[in-house]
Amino acid sequence: MATKTAVLEAEVGMGNQHCYVEDVALREPIDALDFSDPTRWLLAMKNRLALMSEARRYHHASVRIEAWTAEPPAHDGWGSPQEVELRLDEGRVELWELGAGVATAGPVALGFRGDVRVRGYRRGGREVDAQPGIVRGVEMFLVRFWPADRG
Numbered sequence: 001m002a003t004k005t006a007v008l009e010a011e012v013g014m015g016n017q018h019c020y021v022e023d024v025a026l027r028e029p030i031d032a033l034d035f036s037d038p039t040r041w042l043l044a045m046k047n048r049l050a051l052m053s054e055a056r057r058y059h060h061a062s063v064r065i066e067a068w069t070a071e072p073p074a075h076d077g078w079g080s081p082q083e084v085e086l087r088l089d090e091g092r093v094e095l096w097e098l099g100a101g102v103a104t105a106g107p108v109a110l111g112f113r114g115d116v117r118v119r120g121y122r123r124g125g126r127e128v129d130a131q132p133g134i135v136r137g138v139e140m141f142l143v144r145f146w147p148a149d150r151g
């Protein structure tokens, strides 16, 4: 049975329509992700995830990162998730706004490293563009990590 072992919740600026969840060991340049597939909003490479927004303008999204001991149950009410696999060298992740220069939140220790699976959910991004000013907390992301099963 899967057990939740860690949680990080924060609000992050969505500059250029995305933000990052990065392992503290990250050394690759920021442009190493492939943004060419418009159907993908959860993008991964070694030590980095990008969360792509549906909104077209700058805003602050709420992000919840969870660590699980095994594949977590589906989360109802969030629509269709996307899944990726990546490698984390340290297993401690931070939330980053593009160009901020410092982490927005974290690090949080996931309790594992190496090959991991990630399932992401998002909602509320379409409502951002209809509201005036810099919107906060309307778009939400839920990002769940667990060890990849290599058995």
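Just so we're aligned, residue 1 is where the sequence shown starts under my numbering, counting upward by one.
Ideal Cβ placement from N, Cα and C applies to all residues, glycine included.
DSSP places residue 118 in the uninterrupted beta strand (DSSP E) bounded by 114-123.
Per DSSP, reduced to three states, the secondary structure at residue 32 is helical.
Judged by their CB atoms, residue 85 and residue 63 are not nearer to each other than the 9 Å cut-off.
Between residue 39 and residue 78, the alpha-carbon positions lie close to 17 Å from each other. Cβ atoms of residue 93 and residue 65 come within 8 Å of each other, at about 7 Å. Among the bridge pairs identified by DSSP, residue 62 is matched with 11 and 140.
Annotation: the continuous beta strand (DSSP E) that includes residue 108 extends over 105-109. In this chain, the beta strand (DSSP E) harbouring residue 21 covers 18-23.
If you compare the alpha carbons of 82, 87 and 105 with that of residue 12, the shortest gap goes to 105. Between the C-alpha atoms of residue 41 and residue 68 there is a straight-line separation of about 22 Å.
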